[in-house]
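Residue numbers (our numbering), protein chains in the order written: chain R, 1 to 195; chain L, 196 to 390; chain X, 391 to 585; chain P, 586 to 780.
There are 4 protein chains.
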Amino acid sequence: MMMYNCAIKEVRTKFEVLNDDLATAHNRNPIEMIKSRIKKPESIFKKLLRKNYEVSMASILENINDVAGIRVICSFVDDIYEVAKMFISQDDVTLLSVKDYIKTPKENGYRSFHIIVSIPVFFANRKENIKVEVQFRTIAMDFWASLEHTMKYKKDIDDADSIMRELKECADVIASTDIRMQEINKKLHYAKPSE
Amino acid sequence: MMMYNCAIKEVRTKFEVLNDDLATAHNRNPIEMIKSRIKKPESIFKKLLRKNYEVSMASILENINDVAGIRVICSFVDDIYEVAKMFISQDDVTLLSVKDYIKTPKENGYRSFHIIVSIPVFFANRKENIKVEVQFRTIAMDFWASLEHTMKYKKDIDDADSIMRELKECADVIASTDIRMQEINKKLHYAKPSE
Amino acid sequence: MMMYNCAIKEVRTKFEVLNDDLATAHNRNPIEMIKSRIKKPESIFKKLLRKNYEVSMASILENINDVAGIRVICSFVDDIYEVAKMFISQDDVTLLSVKDYIKTPKENGYRSFHIIVSIPVFFANRKENIKVEVQFRTIAMDFWASLEHTMKYKKDIDDADSIMRELKECADVIASTDIRMQEINKKLHYAKPSE
Amino acid sequence: MMMYNCAIKEVRTKFEVLNDDLATAHNRNPIEMIKSRIKKPESIFKKLLRKNYEVSMASILENINDVAGIRVICSFVDDIYEVAKMFISQDDVTLLSVKDYIKTPKENGYRSFHIIVSIPVFFANRKENIKVEVQFRTIAMDFWASLEHTMKYKKDIDDADSIMRELKECADVIASTDIRMQEINKKLHYAKPSE
Chain R
1 MMMYNCAIKE VRTKFEVLND DLATAHNRNP IEMIKSRIKK PESIFKKLLR KNYEVSMASI
61 LENINDVAGI RVICSFVDDI YEVAKMFISQ DDVTLLSVKD YIKTPKENGY RSFHIIVSIP
121 VFFANRKENI KVEVQFRTIA MDFWASLEHT MKYKKDIDDA DSIMRELKEC ADVIASTDIR
181 MQEINKKLHY AKPSE
Chain L
196 MMMYNCAIKE VRTKFEVLND DLATAHNRNP IEMIKSRIKK PESIFKKLLR KNYEVSMASI
256 LENINDVAGI RVICSFVDDI YEVAKMFISQ DDVTLLSVKD YIKTPKENGY RSFHIIVSIP
316 VFFANRKENI KVEVQFRTIA MDFWASLEHT MKYKKDIDDA DSIMRELKEC ADVIASTDIR
376 MQEINKKLHY AKPSE
Chain X
391 MMMYNCAIKE VRTKFEVLND DLATAHNRNP IEMIKSRIKK PESIFKKLLR KNYEVSMASI
451 LENINDVAGI RVICSFVDDI YEVAKMFISQ DDVTLLSVKD YIKTPKENGY RSFHIIVSIP
511 VFFANRKENI KVEVQFRTIA MDFWASLEHT MKYKKDIDDA DSIMRELKEC ADVIASTDIR
571 MQEINKKLHY AKPSE
Chain P
586 MMMYNCAIKE VRTKFEVLND DLATAHNRNP IEMIKSRIKK PESIFKKLLR KNYEVSMASI
646 LENINDVAGI RVICSFVDDI YEVAKMFISQ DDVTLLSVKD YIKTPKENGY RSFHIIVSIP
706 VFFANRKENI KVEVQFRTIA MDFWASLEHT MKYKKDIDDA DSIMRELKEC ADVIASTDIR
766 MQEINKKLHY AKPSE
């Protein structure tokens, strides 16, 4: 697991550098926050079994793509695509897959831009390519997703259907408000600063 | 300014303790993030002049309430009032004033719960009561406020009126979505966890 | 354990404030580093059994003084006594016991200044007085102690006696060098700064 | 300056990864602490003038090697050479120069292992090779160097000569104690852990 933790540190540093550069050169901080998590051993184990994969370290490295997860939370939707593009274009980042749940939201309303990349990490006496899942979201999408996530871990909910419908409606309102806020921001961006 | 920085550290620690306790005992993290800022010397100076106060350290300590500012960003509106109440009820926290811009939003749509408190800080050879402004907001209110804030520093905006109207509308949508999300959360809260 | 973690945060903040104040007002950073640790549940359990205490939360709070431990690492011996005095004299810090292993080193050469204090911590709905052990050391004492510590966890050491003798000698050399460095620092302290 | 700050972040992450790997795989933490500093604009300016270099950003990137400085503080002398070797052997680190003030201390007693490297940093829309100075020291060497450093900024010191002689003597005692402690550590390292 230490290996994945180190991969997270390397990817986090890459995003911090991008944010610092954009803050200095372009006077904007597209990244609001960076969160990270390591998948728990039991979840990895369950996933290996569920997918009929061998249970071994080599099998984890090859088959499980989301042991290391980073969440990059941006202010606006456009920031997501811009920062993701800058990150993917770096020499030592290999893009393995893309899932755009912003353009095509999940049925329940979930929105997020997911990529799996592989990056080299230099350990004491070897270099290893480690997979990392990066999820890009706006602040509002992230708030919605955290609520939707708690729903997964609950059962015996009265009105589960009506709650899901309500959640879906909130997701749509949030998505359209994100766009309206972004439009306002663009208009403000081109205005002259006050003295 | 060092004094105000230290006061911020003490207040931040108090909120971290509250959040840790609530996370352990009640399995919830009401506080999503804590941000802080120190008012710039030039802004303090301008404010002293504008309000016709003497320009001295003693005058700053007495007259300027928001040199040290902490922003406590919560998931839900109810969390704001609960965390604020816990904080205010602590022995060594003296509440000086309250402005509830959630119950009574500003005309432009601004929502936030502001308090001014005074807390003792122990320096090398003296104890000093320092004023700190604490702003409580939901994640969505904070996002809105950051956009509204950039508007203040811009001039020569075409359609300033229409942007302000649009911002106001977004504020209202955001406020009502916050309430809807809170209702969903309450319903989920009382449901049994899955096995 | 969360309670002890919170107590550590509060005490750490108090030392950071002292260091910031001394850095600004007196242009010196007496504290080089602050480390902390929570005693492991199994160690607490063993200690309760060894000392014939009841095994309960109340018993831990009353009988075990070093569940929460903070180490304050100073540059010079004089800093230790000065910082400790400032800390102890704070209104809300209650001094419970002192062991001065600098004035009276342990037989093996161990040097450190230990105090047990109790401080109030404000949780969600109660105030609790929590005990914290604070160990003050110079950088060199800390380095020595970390080596001596690894010795405790080893057995079957050839020449255990000669190693202990060698460690003891190093402790004495380190202590006298600490004093010489402190004397040099004092002489430099009173000299004028270059332009 | 932002560019150099980012380079420091990247190098710091590389050392943290090495330390994590060694801690997990070999149960040791060779790196005690990592400090960093950016050279102040006025110091850079003075150095450019003193060395008769052009005053421009391009000239800084080419001619000044220590704008970004990282200090890696290790427990033992052997750790220094081992960690330095691991770092230098990484694909994307280019070694530009080495100065070994441990093997050949400065006349005043200064000991430290210095290297200048260049590493690629990925900014928003370009990759830049940035120079970083890395200083490796033991804890004791670092403490000594910080005292020696304050001497440089003082003038009108009575007994400057005797202080310098005293400092030199302390440096030698410290160096020989470092070696003795390292020998003890080696002996302990090969002993069996207690149950």
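Glycine residues also receive a C-beta, built at the ideal position from the N, C-alpha and C atoms.
Distance, residue j Cα to residue i Cα
i, j, result
"phenylalanine 113 (chain R)", "arginine 137 (chain R)", "7 Å"
"tyrosine 4 (chain R)", "glutamate 497 (chain X)", "45 Å"
"asparagine 604 (chain P)", "histidine 734 (chain P)", "28 Å"
"cysteine 396 (chain X)", "isoleucine 434 (chain X)", "18 Å"
"valine 316 (chain L)", "leucine 486 (chain X)", "22 Å"
"valine 403 (chain X)", "isoleucine 460 (chain X)", "Sequence check: residue 403 (chain X) is threonine here, not valine. Those two C-alpha atoms are separated by around 11 Å."
"arginine 126 (chain R)", "isoleucine 645 (chain P)", "34 Å"
"glutamate 169 (chain R)", "glycine 109 (chain R)", "8 Å"
"lysine 716 (chain P)", "glutamate 647 (chain P)", "9 Å"
"arginine 427 (chain X)", "valine 507 (chain X)", "16 Å"
"isoleucine 80 (chain R)", "alanine 140 (chain R)", "13 Å"
"isoleucine 398 (chain X)", "methionine 281 (chain L)", "20 Å"
"aspartate 481 (chain X)", "valine 401 (chain X)", "13 Å"
"methionine 541 (chain X)", "alanine 124 (chain R)", "26 Å"
"alanine 474 (chain X)", "asparagine 65 (chain R)", "51 Å"
"leucine 167 (chain R)", "serine 341 (chain L)", "26 Å"
"tryptophan 339 (chain L)", "glutamine 767 (chain P)", "58 Å"
"isoleucine 478 (chain X)", "serine 566 (chain X)", "27 Å"
"alanine 234 (chain R)", "tyrosine 348 (chain L)", "No information on residue 234 (chain R) is available, as it lies outside the stretch 1 to 195 that chain R covers here."
"aspartate 663 (chain P)", "asparagine 442 (chain X)", "45 Å"
"lysine 489 (chain X)", "proline 495 (chain X)", "10 Å"
"aspartate 568 (chain X)", "alanine 23 (chain R)", "45 Å"
"proline 193 (chain R)", "alanine 171 (chain R)", "34 Å"
"threonine 289 (chain L)", "methionine 1 (chain R)", "47 Å"
"asparagine 27 (chain R)", "lysine 425 (chain X)", "37 Å"
"histidine 384 (chain L)", "proline 420 (chain X)", "49 Å"
"aspartate 354 (chain L)", "glutamate 211 (chain L)", "43 Å"
"aspartate 532 (chain X)", "leucine 439 (chain X)", "30 Å"
"aspartate 746 (chain P)", "lysine 740 (chain P)", "12 Å"
Enclosing alpha helix (DSSP H) for residue i [first to last residue]
i, result
"arginine 321 (chain L)", "Neither: arginine 321 (chain L) is in no alpha helix (DSSP H) and is coded neither H nor E."
"aspartate 100 (chain R)", "Looking at the DSSP string, aspartate 100 (chain R) is not in any alpha helix (DSSP H); the run it does join, the beta strand (DSSP E), is 94–100."
"valine 758 (chain P)", "745–774"
"isoleucine 268 (chain L)", "No alpha helix (DSSP H) contains isoleucine 268 (chain L), which is instead part of the beta strand (DSSP E) from 263–269."
"lysine 103 (chain R)", "Looking at the DSSP string, lysine 103 (chain R) is not in any alpha helix (DSSP H), and its letter there is neither H nor E."
"valine 407 (chain X)", "392–416"
"isoleucine 665 (chain P)", "662–673"
"isoleucine 44 (chain R)", "41–50"
"asparagine 453 (chain X)", "447–453"
"glutamate 148 (chain R)", "139–152"
Residue range of the beta strand (DSSP E) that includes residue i
i, result
"methionine 569 (chain P)", "A question about residue 569 (chain P) goes unanswered here, because the residues of chain P that appear run from 586 up to 780."
Residue i vs residue j beta-carbon contact at 8 Å
i, j, result
"valine 462 (chain X)", "valine 524 (chain X)", "yes"
"isoleucine 379 (chain L)", "isoleucine 115 (chain R)", "no"
"alanine 581 (chain X)", "isoleucine 742 (chain P)", "yes"
"isoleucine 314 (chain L)", "arginine 306 (chain L)", "no"
"glutamate 568 (chain P)", "serine 660 (chain P)", "As shown, chain P starts at 586 and ends at 780. That puts residue 568 (chain P) outside it, with no answer to give."
"valine 652 (chain P)", "valine 563 (chain X)", "no"
Contact list for residue i against chain B, beta-carbon separation under 8 Å
i, result
"asparagine 5 (chain R)", "No chain B is part of this structure, whose protein chains are labelled R, L, X and P."
Positions along the stretch 465–491 of chain X whose CB lies within less than 7 Å of some CB in chain L: Residues passing the 7 Å Cβ filter: Met476, Gln480, Asp481.
Chain R contacts from the stretch 370–390 of chain L (Cβ-Cβ distance under 7 Å): Listed by position, the residues of the stretch 370–390 of chain L near chain R (Cβ gap below 7 Å) are Thr372, Arg375, Met376, Ile379, Asn380, Lys382, Leu383, Ala386, Lys387, Pro388, Ser389.
Chain-ordered residues of the stretch 541–562 of chain X with a beta carbon less than 8 Å from chain L: Answer in chain order: no residues at all.
Interface residues of the stretch 123–153 of chain R facing chain L [CB-CB below 7 Å]: Taking 7 Å as the Cβ-Cβ cut-off against chain L, the residues of the stretch 123–153 of chain R that qualify are Ile139, Ala140, Phe143, Leu147, Thr150, Met151, Tyr153.
Proximal residues, the stretch 7–20 of chain R versus chain P, C-beta separation under 7 Å: Shown in chain order are the members of the stretch 7–20 of chain R whose Cβ falls below 7 Å from a Cβ of chain P: Lys9, Glu10, Thr13, Lys14, Glu16, Val17, Leu18, Asp20.
Chain R contacts from the stretch 621–650 of chain P (Cβ-Cβ distance under 8 Å): Of all residues in the stretch 621–650 of chain P, none places a beta-carbon less than 8 Å from a beta-carbon of chain R.
Contacting positions in the stretch 297–309 of chain L - beta carbon closer than 9 Å to chain X: Per Cβ criterion, the list is empty.
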